[in-house]
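In the UniProt record's numbering, the protein residues as written are 1 to 339.
Ideal placement from N, C-alpha and C gives every residue a C-beta, glycine not left out.
Contents: one structure, followed by commentary.
This is the structure in structure tokens:
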């Protein structure tokens, strides 16, 4: 999620998210096609008594990639080792992780596209032949020592599959592309989470949270917890007025836009007359990093039909102008051509 609600996640938030995670494929809501494909892969591997093919989970943040990796380990009844791409900056880091794996263990690497290139190249051999070559010594006296690995299943997660080199992407036996959730699916997520939190919320309140959750279960669960907190502090029931009041307090509007989303959209419309405007200029105008605008804010605004990306820059759509509440200026007639 963008803005204040997503910039930092406290340990308590992570604890709540962990408590709300489904433990099995049957409990997992949404992604029906991916669940069916993954279930077939895991069942077949169990029947053959072999480790499953390596799995790549691709999709925007908050759709369940980490949860699915945990479910893979549960369904296989094997331990799970978690790490991340930024934490593996040298081939030695990866060798240490791989050598510590037990037979059949599931290795989950989050943001795998951010792994160091030297580690990626070592991973090629490890994924195919379950062994790595360790260089001992330096210079002319350096030798390569092969190290056998226990069979393992690698589950890689990435928000930017296009940044993965082809040799690495091709070594995954199954690639799942997670899609944004529908409002009905998000409503099921909210109802399930409300039951786990022992929070009674009205059906219309559930629908309101689902509608403002930007197609993302993580955001739906987070908004539900904020609504629960509001109801607890103010002593109000979990009905629609309480939901609307809580989300208004946290700057989440009717379309799920938060403060930063609205600032970006308003900057395009008001300061740059609807665009086109370049990314760096837009970032400076709202006081944010260009990477945050491009990776966090912009995808949702484009998906919501409020903003478009053109070769010349970002342009507000008609819906974007309407959301800001400013009428689209009438097109000006071209000046007459002098002969």
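Please confirm whether residue 155 and residue 223 have their CB atoms less than 8 Å apart.
No. Outside cutoff.
Same chain, Cβ closer than 7 Å to residue 163, five either side skipped, listed in chain order
Correct list, in chain order: 113.
Name the DSSP bridge partner or partners of residue 183?
Residue 183 pairs with nothing; no bridge assigned.
Using a Cβ-Cβ cutoff of less than 6 Å, which residues in the same chain neighbour residue 122 once the five nearest sequence positions on both sides are dropped?
Cβ neighbours of residue 122 beyond the five flanking positions: 91, 94, 132.
Residue range of the beta strand (DSSP E) that includes residue 172:
Unbroken run through residue 172: none, as it is neither H nor E.
Element boundaries [alpha helix (DSSP H), containing residue 37]:
That run of the alpha helix (DSSP H) goes 32-48.
Reducing DSSP to helix, strand and coil, say where residue 200 ends up.
DSSP places residue 200 in coil when its eight states are reduced to three.
By the three-class DSSP mapping on this structure, what secondary structure does residue 148 have?
It is a strand residue.
Between the CA atoms of residue 276 and residue 228 - distance to the nearest angstrom:
Cα to Cα, residue 228 sits roughly 41 Å from residue 276.
Is residue 55 helix, strand or coil by DSSP?
Correct three-state label for residue 55: strand.
Taking the C-alpha atoms as reference points, what is the distance between residue 178 and residue 298?
Those two C-alpha atoms are separated by around 19 Å.
Simplified DSSP state of residue 131, which is helix, strand or coil:
Here residue 131 sits in strand by DSSP.
For a minimum of 4 consecutive residues, which ranges assigned as the alpha helix (DSSP H) are wholly contained in the UniProt region "Head domain (RuvB-H)" (254-339)?
The UniProt region "Head domain (RuvB-H)" (254-339) contains these whole alpha helix (DSSP H) runs: 259-266, 279-286, 298-303, 318-324.
Where residue 23 falls, given that 16 or more other Cβ within 10 Å makes a residue buried
Label assigned to residue 23: exposed.
Cβ pair residue 205, residue 264 closer than 8 Å:
No, the Cβ-Cβ distance between residue 205 and residue 264 is not below 8 Å.
Could you tell me if residue 340 is buried or exposed, where buried requires 16 or more neighbouring beta carbons within 10 angstroms of its beta carbon?
Residue numbering for the chain in the displayed model covers 1 to 339; residue 340 lies beyond these limits and cannot be assessed.
Looking only at its chain, what residues have a beta carbon closer than 6 Å to the beta carbon of residue 55, apart from the 5 residues adjacent to it on each side?
Closer than 6 Å at the Cβ level, and outside the excluded window around residue 55, lie 155, 174.
What first and last residue would you give for the beta strand (DSSP E) that runs through residue 157?
153-158 is the extent of the beta strand (DSSP E) around residue 157.
DSSP three-state label for residue 238, please.
Annotated three-state conformation of residue 238 is strand, per DSSP.
Between the alpha carbons of residue 43 and residue 50, how many angstroms are there, rounded?
Distance between the alpha carbons of residue 43 and residue 50: 10 Å.
Going by DSSP in three states, residue 113 sits in which element: helix, strand or coil?
Look at residue 113 here: in three-state DSSP terms it is helix.
Would you say residue 35 and residue 20 are within 8 Å of each other, going by their C-beta atoms?
Between residue 35 and residue 20, the C-beta spacing is not below 8 Å.
Comparing C-alpha positions only, which one of 46, 69, 47, 48 sits nearest to residue 57?
Of 46, 69, 47, 48, the smallest CA-CA separation from residue 57 is found for 69.
Straight-line CA distance for residue 134 to residue 295?
Residue 134 and residue 295: Cα-Cα distance of roughly 36 Å.
State the start and end residues of the unbroken beta strand (DSSP E) segment that holds residue 213.
Where residue 213 is concerned, there is no enclosing beta strand (DSSP E), given that its DSSP letter is neither H nor E.
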